[in-house]
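Working notes, beginning with the structure itself.
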Amino acid sequence: MRLAEGIVIDLEKTFGVLKFSGQRRERFVQDEDGNRTDDVKERTYDLKSMKQGMMIQVSIPAEAGVKDFKYNQIVTLIDPVINTVANAGFNRVETSWYMKAKDLVIATVPPKPQEKPNTNDKK
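Going by my numbering, the first residue of the sequence shown is number 191, and it counts up by one from there.
Right under this line is the structure:
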């Protein structure tokens, strides 16, 4: 199962401020025999999402170049899309979500202050 166009997201509403954490892995091109080559297909990076309160991963094509930003550098994604892959097996289906973008760049506009969730709700 695949979503035809993926899920196009609103970065600000979904993730808030994104901070660069580091490169997680490189994915390599395979030749016609299925052997790994030395050509990088895409790189996956860890980003801290202030809105989600957790680390997210995004894959960027190798053509965008290596991203070696400073730790906690505020960044933004160019044309991010979330998609799924489902694998059926016997009587169940496992679904994996992944996010890709055309590029990862340093944010040029200072971010708006994040609203902190109110944890002191008294009922």
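C-beta atoms are modelled at their ideal positions from N, C-alpha and C, and glycine is treated no differently.
With distances taken between CB atoms, is the gap from residue i to residue j smaller than 8 Å?
i: Ala254; j: Lys292; result: yes
i: Val256; j: Thr234; result: no
i: Lys141; j: Gly206; result: Past the edges of the chain, shown from 191 to 313, lies residue 141, and the structure says nothing about it.
i: Ile250; j: Leu294; result: yes
Excluding five sequence neighbours on each side, which residues of the same chain lie with their C-beta closer than 8 Å to the C-beta of residue i?
i: Val271; result: Glu195, Gly196, Ile197, Val198, Ile199, Met289, Lys290 and Ala291
i: Thr227; result: Phe218, Val219, Gln220 and Asp221
i: Lys203; result: Lys241
i: Lys260; result: Phe210
Apart from the five residues on each side of it in sequence, which residues of its chain come closer than 7 Å, Cβ to Cβ, to residue i?
i: Glu216; result: Val230 and Arg233
i: Asp236; result: Ser211, Gly212, Arg214, Met245 and Gln247
i: Thr266; result: Leu201, Leu208, Val295 and Ala297
i: Ile268; result: Ala291, Lys292, Asp293 and Val295
i: Ser239; result: Phe205, Gly206, Leu208 and Ile246
I'd like to know whether the C-beta of residue i is nearer than 8 Å to at least one C-beta of chain D.
i: Arg233; result: The chain labelled as chain D is not found in the depicted structure, where only one protein chain is given.
By Cβ distance, which residues of its chain are closer than 6 Å to residue i, with the 5 residues on each side in sequence left out?
i: Val283; result: Ala276
**Q.** Completely contained beta strand (DSSP E) runs for the region 257–281, where each covers 3 or more residues
**A.** List check, beta strand (DSSP E) in window: 264–268 and 271–279.
(Q) Could you tell me which whole alpha helix (DSSP H) segments of length 4 or greater appear in the region 230–257? (A) If only complete runs of 4 or more residues are kept, the region 230–257 shows no alpha helix (DSSP H) anywhere.
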